[in-house]
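Here the numbering used here is used: the first residue of the sequence shown is 41, the next is one more, and so on.
Beta carbons: idealized from backbone N, C-alpha and C, even for Gly.
Small disclaimer: the values here were computed from a predicted structure and weren't measured.
Read the structure below first, then the notes.
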Amino acid sequence: MRNIVILISGGGSNMAAIVRASERQEWANRWGVQVAAVVSNRADARGLDFARQQGIDAHTLSHRSYGSREEFDAALADTVGRYDRPGAPALVVLAGFMRILTPAFVERFAGRLLNIHPSLLPAFPGLHTHERALAAGCRFAGATVHEVTAELDHGPILAQAVVPILPGDDAAGLAARVLSQEHQIYPRAILQWLQKR
């Protein structure tokens, strides 16, 4: 069985979409893949409750408890590493994890670290993507699933969803429409990535 470890910081709606897809499509029985753990840097992340309700291991590691980003990421890497298995290292999935990972963490999990970003990369890496797309007068927005590299939001693209920007759109309305597409493309991209390995 190959494990997936999902990192979150908040409500975990993308995490929940992945878990539901894995159950509905029987990933464990059909492909030997399971969501084994959810880890958050915030104890109040609502997504942890969902994970526990599904019988998934749920861990909290507060970044405020560590003296540096490097120390936190080392502890995070150790927690994730518990789910590695001989010949089947865990896949690490970022789903609203609001921390920039250190190069050491990215290097340790290189080639098995995925993220979803709420823009059509390479446009608008970083934060405030919807506000920036609206301010730029874009006609389309969207979401991108990509492999994580040391450069923020610049890894190889695995999947994208395009969302039209409508007259009168504000950032909140656009974000909600993009998020609904994220919930569809992220589980699909993860499964396709796994099936190629």
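query	result
Buried versus exposed call for residue 227 [16 or more other C-beta atoms within 10 Å across all chains shown]	buried
CA-to-CA distance, residue 122 to residue 179, given in whole angstroms	44 Å
beta-carbon residue 127 near the ligand ZN non-hydrogen atom, thresh 7 Å	The model on display carries no ligand, and the ligand ZN is accordingly not part of it.
Assumed close pair residue 182, residue 160 - CB separation to whole angstroms, cut-off 8 Å	4 Å
Same chain, Cβ closer than 6 Å to residue 73, five either side skipped, listed in chain order	42, 67 and 234
Local Cβ density within 10 Å of residue 158, reported as buried at 16 or more and exposed below that	buried
Beta-carbon proximity of residue 120 to residue 218, cut-off 8 Å	no
From 78, 117, 177 and 118, residue whose alpha carbon lies closest to that of residue 100	78
Opening and closing residue of the alpha helix (DSSP H) in which residue 81 lies	Premise fails: residue 81 is in no alpha helix (DSSP H) and is neither H nor E.
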